[in-house]
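Note that the sequence shown covers residues 4 to 572 in this note's numbering.
These notes are about the structure you will find just below.
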Amino acid sequence: MKVKINNREYEFDHEISILDATKNAHIKIPTLCYSEKLEPFGSCRLCSVEIKGERTLKPACVTKITDGMEIFTHSQRVRKTRKTIMELIIASHGISCNLNCLTCSKSGSCEIKEIAEEIGVTEIRVPPIYNGLPEDRSSYSIVREPQKCIVCNRCVRKCSEVQSVNILTIANRGPDTYVTTFMDKGMGNVDCTNCGQCILECPTGALHEVYQMDQVWNALSDESKFVIVQTAPAVRVAIAEEFEAEPGKIATGQMVAGLRLLGFDKVFDTNFSADLTIMEEANEFLERFKNNGKLPLFTSCSPGWVKFLEHNYPDFIDNLSSCKSPQQMFGAIAKTYYANKLGISKEDMVVVSIMPCTAKKFERVRPEMKGDVDYVLTTRELAKMFKLAGIDLLNVPTEDYDEPLGISSGAGAIFGATGGVMEAALRTAYEVITGEELEKLDFEAVRGIEGIKEATVEINGINLKVAVVNGLGNARKVLEMIKNGEKEYHFVEFMACPGGCIGGGGQPIPTNNEIILKRMQAIYEIDRSLPIRKSHENPAIKTLYEEFLEEPLSEKSHELLHTTYLARS
């Protein structure tokens, strides 16, 4: 079909939206309620265009092209309408900063500010109308500031359409419309998983993580404390984006150097405890498999996924691995084994985590694991600290992690991507079962960003049926299939966030599929570049068992590295 866009003719072989057609024509139309990951909604009307012969403007995101259609994307009428819409959005839904960026908590790019500049809104002619709604600080992970909300519904739709958690909703009508939770109870008092995917969608900073930067600054200033830091695998392939680098840039050495410049006493790697997790989890799987234990075994390193299961599928709690996540394992080992080596008390040690995940903030205060980790910062928070300290991250000379808790393998690195935990476990499980060296380390079948991946892996004549799932909406689908007897697996990796940790709610904004793929490629590049690519070959892990833990699943390892879960109403 042929259409005209701004008096130039274009041809398309199938029906698409006007917004997609203009993208193909390299014409940018401003959007707010639209997101590539969500079904078009058409509520904000910023993408309105003029169509010849039509009396009213049409939203480009939900209007399909027709043969012979003539579209005007930036006519005088369109420009004037967009400007008025933008002023009303800002005023009637009370962005409390009123485009004053000094009082905004938005991390990274601000869509409101960018769009206002694009369509020429330099002043607000309409007085702001405040909705009187209080901040929601009931959650350990996420803060809601309703005064900054423009009711674009993107957070609501991400929570329902992608994650199937459904804790956010719209209340009231007309100018009194607002986003809330069930009976206004707050995000900390409903079935929120703390995944933070809503934060990635919010264009105004009305949603953001619970900041712990001040507490970390205070700890670094306290000379009586020995402050150590661990960095998750997904952070090193994303942190540079906050300094205008291309997505997927590996900034491991610069990040380590930057953390030392901030004043941390030791800089360690969560990849070390990812290797430790594999030692425990792979052996836990083998024990269950050999002794007719509860199968399929579900991974437990994603706290958002764990909380989702506790709320929605408590009958499957026994399927969860009893292993703590790598974050919590690191804290437990640091405050016992490492503290003993240094001759200091665990009370004098402060453990800080740098994570791509907002749910880790909730995980650190779970009663079952409280005390392992003291503070959790997101990738975005760390970038803010670097900037506050004047650290030019991309030009800092690279440095290496400290030993021994900074020694890790490629298997630990790939934990950051969906499929990585499964692949790391299979590398170790194969050699434990067969006693032979695995020739091909790459398990391609469990890689990629598809929401649900399945594979059958033959090990020593045994066909292991495995699955890899990312995104809680996909987790619900797989759990329902298992529950109904439609699928049978031995081992399933679940990650709460699309793409895994590299797509976590604490990562730089924007985080979309294109960016996730670039971060994923970087993760696998790190794996390929390392001399050790299997968790059980990590010399620091071997020493840890020889000196302290004895063996996987020992009494000591169960005491420190394993936990329990609970059914949540």
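The beta carbon of each residue, even a glycine, is placed where N, CA and C say it ideally should be.
In whole angstroms, what separates the C-alpha of residue i from that of residue j?
i: residue 296; j: residue 303; result: 17 Å
i: residue 160; j: residue 338; result: 41 Å
i: residue 509; j: residue 358; result: 7 Å
i: residue 367; j: residue 239; result: 21 Å
i: residue 54; j: residue 81; result: 10 Å
i: residue 16; j: residue 455; result: 30 Å
i: residue 467; j: residue 512; result: 38 Å
i: residue 23; j: residue 155; result: 20 Å
i: residue 406; j: residue 271; result: 7 Å
i: residue 21; j: residue 434; result: 55 Å
i: residue 185; j: residue 277; result: 37 Å
i: residue 547; j: residue 135; result: 55 Å
i: residue 310; j: residue 125; result: 44 Å
i: residue 500; j: residue 56; result: 45 Å
i: residue 385; j: residue 461; result: 42 Å
i: residue 256; j: residue 532; result: 14 Å
i: residue 129; j: residue 307; result: 41 Å
i: residue 42; j: residue 473; result: 19 Å
i: residue 360; j: residue 162; result: 16 Å
i: residue 349; j: residue 63; result: 59 Å
i: residue 10; j: residue 93; result: 33 Å
So what's residue i in DSSP terms, helix, strand or just coil?
i: residue 18; result: coil
i: residue 441; result: coil
i: residue 469; result: strand
i: residue 278; result: helix
i: residue 363; result: helix
i: residue 329; result: helix
i: residue 178; result: helix
i: residue 138; result: coil
i: residue 306; result: helix
i: residue 254; result: coil
i: residue 227; result: coil
i: residue 458; result: strand
i: residue 492; result: coil
i: residue 75; result: strand
i: residue 233; result: strand
i: residue 404; result: coil
i: residue 589; result: Here the chain has residues from 4 to 572 only, and residue 589 is not among them.
i: residue 196; result: coil
i: residue 358; result: strand
i: residue 6; result: strand
Can the beta-carbon of residue i be found closer than 8 Å to that of residue j?
i: residue 70; j: residue 5; result: yes
i: residue 414; j: residue 538; result: yes
i: residue 119; j: residue 89; result: yes
i: residue 475; j: residue 168; result: yes
i: residue 559; j: residue 550; result: no
i: residue 145; j: residue 212; result: yes
i: residue 427; j: residue 436; result: no
i: residue 536; j: residue 396; result: no
i: residue 51; j: residue 157; result: no
i: residue 450; j: residue 250; result: no
i: residue 365; j: residue 494; result: no
i: residue 300; j: residue 322; result: yes
i: residue 180; j: residue 173; result: yes
i: residue 83; j: residue 123; result: no
i: residue 275; j: residue 352; result: no
i: residue 378; j: residue 219; result: yes
i: residue 425; j: residue 355; result: no
i: residue 452; j: residue 253; result: no
i: residue 19; j: residue 61; result: no
i: residue 328; j: residue 541; result: no
i: residue 182; j: residue 40; result: no
Which whole-angstrom value describes the C-beta separation of residue i and residue j, a residue pair presumed to lie in contact below a C-beta threshold of 8 Å?
i: residue 422; j: residue 481; result: Actually they are not in contact, since the Cβ atoms of residue 422 and residue 481 sit about 14 Å apart, beyond 8 Å.
i: residue 192; j: residue 141; result: 5 Å
i: residue 305; j: residue 497; result: 6 Å
i: residue 409; j: residue 237; result: That pair is no contact at about 17 Å.
i: residue 514; j: residue 506; result: 6 Å
i: residue 362; j: residue 199; result: 7 Å
i: residue 132; j: residue 35; result: The Cβ separation is near 18 Å, so there is no contact.
i: residue 382; j: residue 242; result: 6 Å
Can you find a CB in chain C that lies within less than 8 Å of the CB of residue i?
i: residue 214; result: Absent from the structure: chain C. Only one protein chain is present.
Counting Cβ pairs closer than 8 Å, one from the segment 319–338 and one from the segment 228–240, do we hit at least three? yes
Any chance the segment 371–383 sits against the segment 313–323, with 3 or more Cβ pairs inside 8 Å? no
Is it the case that the segment 192–208 contacts the segment 109–128, given that we only count it when at least three CB pairs across the two stretches are under 8 Å? yes
When you compare the segment 255–267 with the segment 387–405, are there three or more beta-carbon pairs, one atom per stretch, that lie closer than 8 Å? yes
May I ask you to verify whether the segment 270–287 touches the segment 557–566, counting CB pairs closer than 8 Å and requiring at least 3? yes
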